[in-house]
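Trainee:
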Amino acid sequence: MSKAAEKKVPPAQQKSESPEGSFNKSEQWTAIRQSWAKEQAGIARARAMAFFDVDDEMPLSRHLLLVFIALFFVFFILWSNLATLDEVTRGQGKIIPSTEVQALQTLEAGIVDEILVKEGQEVEAGQILARLSDIEASSDLGANRARYLGLLASITRLQAEAEGKDKVEFPPEVEKEAPNSVTEELNAFRANQRQRDGQVKVLQEQLNQREQEVDELNTRIGDLRGVIRLQRDEKNMIAPLVAKGSAPKLELLQLERAIKEKTAELNGLESSLPRSKSAIDEAKARLADLDSTVKAEAQKELAAKLTEMNEIRERLAALKERKTRKEIRSPVSGTIQDIKVVTIGGVVRPGEDFIKIVPKDDQLIVEAKVKPSDRAFIYPGQPAMIKLTAYDFSIYGGLKGELLDISADTFEDEKGNSFYRVRLRTYETELKRKDEVLPIIPGMVASVDILTGKKTVMQYLMKPIIKTLDDAMNER
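In this note's numbering, the protein residues as written are 53 to 528.
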């Protein structure tokens, strides 16, 4: 404290100790008040200086604390004006299938032979769900299958014959399922080969015979020509002698007659030679035609077998379809919702629902309720977060999605509360945590957070204050 404060004198003493008595009472009190005010101002100034005074006895802690508090408030004001928070509209709903429930029916009546699934089970597209007994279809299918394999064996044999092959190679399915047909067709192929070989042998013998005849004719013709040539030489030698009378004329006449006979025989042989050669050509043609005839007959029979094969194939396809219809398969991947006939031996009537499946799509649809007061802030396309109540959000997280549509009007629940119905679409169909996959099926309850905007922390803190001030300023 200052010395002025320590030497404070009461007004009564000042009055008694005043050296002059000419001051009046009013002036004395004014002077006293001014003096006291100066003393108080000095005291306050001294205290302030003492707070900021840095010496060995007063550390920097108070100064730093004040600076820290000031910086904290500045930082907080800046951060609260820059940091943003999500504004969301919340609603409650559940997972619904994105497509219609699939109701499986049969075209023909059948008896339940086996049910391979149960309600709530997940199935894949094409998976067999149940089997219905159909003895007639199975019997017809077996008979037509046997006929099909027999025709296939015959066609294979006929193709080999038509192509002139020496052996037949049957398809593996025929050798495995129809060995009797393979044996029959092999026997037929070998018999036809023997018959063809026999015909070829006969024709070849005929050809050889004709060729031998031609060779003999050529030999006889050559011999006759030689004989005739010798006889003419002999005639030419005897004729001068007969003219001189040295040789009998009878001998000359005999030579001339022999020459004519040989010449006539030669002419006969030469005229028969073309016919013999034609016989050779005919035998060769018959031999060549035999191969063509065998192939043509095989082709003709093959065409008939192929026509019958096409009919059998169509019949088999119809029977297979009929039997397949007795195997109830899932048309889509999804979850079994309802099985109408669960008794083995039960009758399934045509056209009636047998099994219902909720499809599993690559997207999930969430149907939720939002308050009418939030309607003005939501519109299709807004991002959203779907939190399933079945799985802890803090552990497994949620599903990202978007708002699809909003109902045109409000609805009322059983308690009379109004709400808008909204639908959201997820980007994924399952939750994952490390290697664990959590399936999501229709009917699961979920809460939805629809992102409607963003605001700063300062706006969030000032909102109740501004609202209070606004309400207060509007009061009468």
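Just so you know, even glycine gets a beta-carbon here, dropped at the ideal spot from N, CA and C.
Could you pull out every residue in the same chain whose Cβ sits closer than 7 angstroms to the Cβ of Glu464, ignoring the five residues on either side in sequence?
Mentor: Ser470
Trainee: For the segment 388–433, list the beta strand (DSSP E) runs that are entirely contained and at least 3 residues long, ordered along the chain.
Mentor: 407–411 and 417–422
Trainee: Gly386 and Val169 look like a contact to me (Cβ under 8 angstroms); what is the Cβ gap, rounded to whole Å?
Mentor: Cβ atoms of Gly386 and Val169 stay farther apart than 8 angstroms, at about 11 angstroms.
Trainee: Based on Cα-Cα distance, which residue from Val410, Ile409 and Val393 lies nearest to Pro402?
Mentor: Val393
Trainee: Between Ala177 and Asp487, what straight-line distance do the alpha-carbon atoms span, to the nearest angstrom?
Mentor: 25 angstroms
Trainee: Assign Pro224 to buried or exposed, taking buried as 16 or more other Cβ atoms, counted over all protein chains shown, within 10 Å of its Cβ.
Mentor: Taking all protein chains shown into account, Pro224 has fewer than 16 neighbouring C-beta atoms within 10 Å of its C-beta and is therefore exposed.
Trainee: Nearest CA to the CA of Ile280: which residue from Gln258, Lys507, Glu308 and Pro411?
Mentor: When each option's Cα is compared against that of Ile280, the closest is Glu308.
Trainee: Given a threshold of 16 other Cβ atoms within 10 Å of its Cβ, counted over all protein chains shown, does Met514 qualify as buried or as exposed?
Mentor: Under this definition Met514 is an exposed residue.
Trainee: By a C-beta neighbour count over all protein chains shown, 10 Å radius and 16 as the cutoff for buried, is Tyr431 buried or exposed?
Mentor: Exposed: under 16 other Cβ atoms inside 10 Å.
Trainee: Given this structure, state the Cα-to-Cα distance separating Gln511 from Thr520, to the nearest angstrom.
Mentor: Cα to Cα, Gln511 sits roughly 14 angstroms from Thr520.
Trainee: For Ala214, does the three-state DSSP call read helix, strand or coil?
Mentor: helix
Trainee: Run the CB neighbour count on Leu490, radius 10 Å, all protein chains shown included, and call it buried at 16 or more, exposed below.
Mentor: exposed
Trainee: Kindly confirm or deny that the segment 425–439 and the segment 470–485 touch, where touching means at least three C-beta pairs closer than 8 angstroms.
Mentor: yes
Trainee: In this structure, how does DSSP classify Ala298 when only helix, strand and coil are distinguished?
Mentor: It should be pointed out that residue 298 corresponds to Ser in this sequence rather than to Ala. Ser298: coil per DSSP, three-state reduction.
Trainee: Within the continuous alpha helix (DSSP H) that includes Pro491, where are the two ends?
Mentor: Here Pro491 belongs to no alpha helix (DSSP H); instead the beta strand (DSSP E) covers Glu488 to Pro491.
Trainee: In three-state DSSP terms, what is Pro383?
Mentor: Three-state DSSP puts Pro383 in coil, outside helix and strand.
Trainee: Between which two residues does the alpha helix (DSSP H) harbouring Phe445 extend?
Mentor: Phe445 to Tyr448
Trainee: Flag Arg327 as yes if its beta-carbon sits less than 8 angstroms from any beta-carbon of chain C, otherwise no.
Mentor: In the structure shown, chain C cannot be found, because there is only a single protein chain.
Trainee: Kindly indicate the opening and closing residues of the alpha helix (DSSP H) around Pro149.
Mentor: From DSSP, Pro149 is part of no alpha helix (DSSP H); its letter is neither H nor E.
Trainee: What first and last residue would you give for the beta strand (DSSP E) that runs through Glu225?
Mentor: Glu225 -> not in any beta strand (DSSP E); alpha helix (DSSP H) instead, spanning Pro224 to Glu229.
Trainee: Using only the heavy atoms of the ligand NAD, determine whether one of them is closer than 7 angstroms to the beta carbon of Thr158.
Mentor: Because no ligand of any kind appears in the structure shown, any question about the ligand NAD cannot be addressed here.
Trainee: With a threshold of 16 other CB atoms inside 10 Å of the CB of Gly453, please say whether the residue is buried or exposed.
Mentor: buried
Trainee: Does Phe120 pass the burial test, meaning 16 or more other C-beta atoms within 10 Å, or should it be called exposed?
Mentor: exposed
Trainee: Could you name the residues of the same chain whose beta carbon sits closer than 7 angstroms to that of Gly433, not counting the 5 residues immediately before and after it, in chain order?
Mentor: Glu454 and Leu455
Trainee: For Leu305, is the classification buried or exposed, using 16 other Cβ atoms within 10 angstroms of its Cβ as the cut-off for buried?
Mentor: exposed
Trainee: Beta carbon of Lys154, beta carbon of Pro494: below 8 angstroms?
Mentor: Correcting the residue type first, residue 154 is Gln in the shown sequence and not Lys. No, the Cβ-Cβ distance between Gln154 and Pro494 is not below 8 angstroms.
Trainee: Take Gly398 and list the residues in its own chain whose beta-carbon comes closer than 6 angstroms to its own, dropping the five residues that flank it on each side.
Mentor: Val164
Trainee: For the beta strand (DSSP E) containing Thr508, list its first residue and its last residue.
Mentor: Val497 to Thr508
Trainee: Can we say the segment 311–326 touches the segment 267–283, given the rule of at least three CB pairs closer than 8 angstroms?
Mentor: Segments in contact, yes.
Trainee: Less than 8 angstroms between the CB atoms is what I'm expecting for Ser325 and Val266, so what's the real figure, rounded?
Mentor: The sequence shown places Leu at residue 325, not Ser. About 7 angstroms; that satisfies the 8 angstroms criterion.
Trainee: Since Ile438 contacts Val418 with CB under 8 angstroms, what's their CB separation in whole angstroms?
Mentor: 5 angstroms
Trainee: Using CA atoms only, rank isn't needed, just tell me which of Ile167, Arg485 and Val422 is closest to Ala460.
Mentor: Val422
Trainee: If Lys255 sits next to Ala335, beta carbons under 8 angstroms apart, how far is it from one beta carbon to the other, in whole angstroms?
Mentor: A quick correction: the sequence has Leu, not Lys, at residue 255. Sure, about 6 angstroms apart at Cβ, within 8 angstroms.
Trainee: Under the rule that 16 or more other beta-carbon atoms within 10 Å means buried, what is Val497, buried or exposed?
Mentor: exposed
Trainee: Kindly identify the DSSP beta-bridge partner or partners of Gly202.
Mentor: DSSP output for Gly202 lists no bridge partner at all.
Trainee: Using a 10 Å radius around the Cβ and a threshold of 16 neighbouring Cβ atoms, would you call Leu302 buried or exposed?
Mentor: Leu302 counts as exposed, since fewer than 16 other beta carbons sit within 10 angstroms of its beta carbon.
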